[in-house]
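**Student:** Quick one: the structure is below, and I'll ask about it shortly.
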Amino acid sequence: MTMKSTESDSMLSHHTEDIFKPHAGVTAAGTSSSHSIARMDDGINALAPLQLEQRRLIHREESVRQQSDAFREIRTRLLAMGGLQNFVTLVVSVSPRSGGSFVARNMAAAFAFDEAKTSLLIDCNLRYPSQHKALGVDPAKGGLIDFLEHPVLGIAHILYHTGVPRLRLIPAGTARENGGEYFSSFRMRAVLDSLRCRYVDRYLFLDGPAIKGSPDARILSELADFVVVVAGYGRDTPAAISQAVANFDPGKLAGVVFNHVP
Ligand SMILES: Nc1ncnc2c1ncn2[C@@H]1O[C@H](COP(=O)(O)OP(=O)(O)OP(=O)(O)O)[C@@H](O)[C@H]1O
Ligand SMILES: [Mg+2]
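Put into structure tokens, the structure is as follows:
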């Protein structure tokens with residue numbers, strides 16, 4: 001896989017091009033806090049590099065250097081946009097199977113690499129949830145939808161360990177056809193606010209369904225500070241990418257990731 005900045009794609013908006021130009025002097029340093037959960041017990045032993053590769057996850061070894069560098073670069077740029085505050089990032093594919101979930105998972109992992117940060121990946125693809133399978137998590141205690149329907153269950157039950165230190169998952173939960181009504185609810189917004197505000201070093205990543213064919217991606221973008229659009233390299237045409245990008249508030253658009261789906 002290679003990732004390219006939007007600089008090379010003249011079809012995309014000026015704003016997007018700007019965002020992916022390197023920001024001189026920006027580092028990945030973030031906030032630290034006495035409320036940090038960075039050193040919290042992650043519950044299970046950390047996964048070995050081979051296990052991480054099986055989950056299509058970056059790690060620190062040389063073999064996936066190019067990919068991990070690409071994700072670290074996206075992390076740096078998002079942090080430059082976010083300033084000192086933690087934030088919510090929506091990751092969505094232009095069209096189904098272009099790699100949105102792959103990118104969302106690895107962006108969350110890249111943030112968790114930083115020992116001063118934690119990340120929370122939330123599977124918001126209610127029709128085709130995939131993160132629990134990809135990460136080998138058994139969502140026996142339910143997920144996002146179950147909690148939204150029965151808040152009395154408590155949020156702690158749906159925060160699952162992943163085997164990657166400082167990376168937690170909220171699986172989608174019981175499959176649903178129509179996510180829009182949940183995502184536009186007051187309760188969903190309140191849940192995200194409380195998850196983000198509880199720990200200042202926690203970064204949230206929403207894995208949404210593809211932009212093409214569902215209004216959910218746009219509805220979810222209302223809840224996010226930033227939006228990352230994933231284009232399947234050689235799959236999504238420049239026209240399709242421009243059309244997809246036009247769904248979002250330009251002020252939230254962090255950029256387009258070109259993903260080589262194998
Ligand atoms: N760059 C990559 N390297 C390795 N595997 C990849 C890469 N991109 C995608 N994949 C794999 O391709 C498949 C489809 O990717 P993914 O599920 O991320 O796409 P998606 O856009 O989220 O699809 P959906 O429309 O189902 O939500 C997955 O098995 C994923 O692990
Ligand atoms: Mg997906």
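Mind the numbering: the sequence shown is residues 1 to 262 in our numbering, read in order. Glycine included, every Cβ here is placed at the ideal spot set by N, Cα and C. These figures come from a predicted structure and were not determined experimentally.
Would you call the segment 166 to 173 and the segment 105 to 122 in contact, with 3 or more CB pairs under 8 Å?
**Tutor:** Yes, they touch.
**Student:** Just checking residue 260 against ligand 1 - is the residue's beta carbon closer than 7 Å to any of the ligand's heavy atoms?
**Tutor:** Within the sequence shown, numbered from 1, the residue matching residue 260 stands at position 260. Within the cutoff, so yes.
**Student:** What does the Cβ neighbour count give for residue 237, buried or exposed, with the cut at 16 atoms within 10 Å?
**Tutor:** The residue given as residue 237 occupies position 237 in the sequence shown. Flag for residue 237 reads exposed.
**Student:** With respect to the beta strand (DSSP E) encompassing residue 118, which residues constitute its N-terminal and C-terminal limits?
**Tutor:** One-based indexing of the sequence shown puts residue 118 at position 118. Element bounds for residue 118: 118 to 123.
**Student:** Closer than 7 Å: is that where the CB of residue 255 sits relative to any heavy atom of ligand 2?
**Tutor:** Residue numbering aside, residue 255 sits at position 255 when the sequence shown is read from its first letter. False, no ligand heavy atom lies under 7 Å from that Cβ.
**Student:** Runs of 4 residues minimum, wholly inside the segment 125 to 202: which ones carry the alpha helix (DSSP H) assignment?
**Tutor:** Correct list: 131 to 134, 144 to 149, 180 to 183 and 186 to 198.
**Student:** Is residue 88 near residue 257, with beta carbons less than 8 Å apart?
**Tutor:** Locating residue 88 in the sequence shown gives position 88, counting from the first residue. Locating residue 257 in the sequence shown gives position 257, counting from the first residue. Result no, Cβ atoms of residue 88 and residue 257 do not sit closer than 8 Å.
**Student:** Check whether the Cβ of residue 234 sits closer than 7 Å to any heavy atom of ligand 1, and report yes or no.
**Tutor:** Within the sequence shown, residue 234 is the residue found at index 234, counting from 1. It does not: the Cβ of residue 234 is nowhere closer than 7 Å to a heavy atom of ligand 1.
**Student:** Tell me the DSSP bridge mates of residue 89?
**Tutor:** One-based indexing of the sequence shown puts residue 89 at position 89. Answer by DSSP bridge pairing, in chain order: 205 and 226.
**Student:** Applying the criterion that 16 or more other CB atoms from any shown protein chain within 10 Å of the CB defines a buried residue, is residue 264 buried or exposed?
**Tutor:** Outside the shown range of the chain, which is 1 to 262, sits residue 264, and nothing can be said about it.
**Student:** So, helix, strand or coil for residue 253, using DSSP?
**Tutor:** On the sequence shown, position 253 is the one that residue 253 refers to. Three-state result, residue 253: strand.
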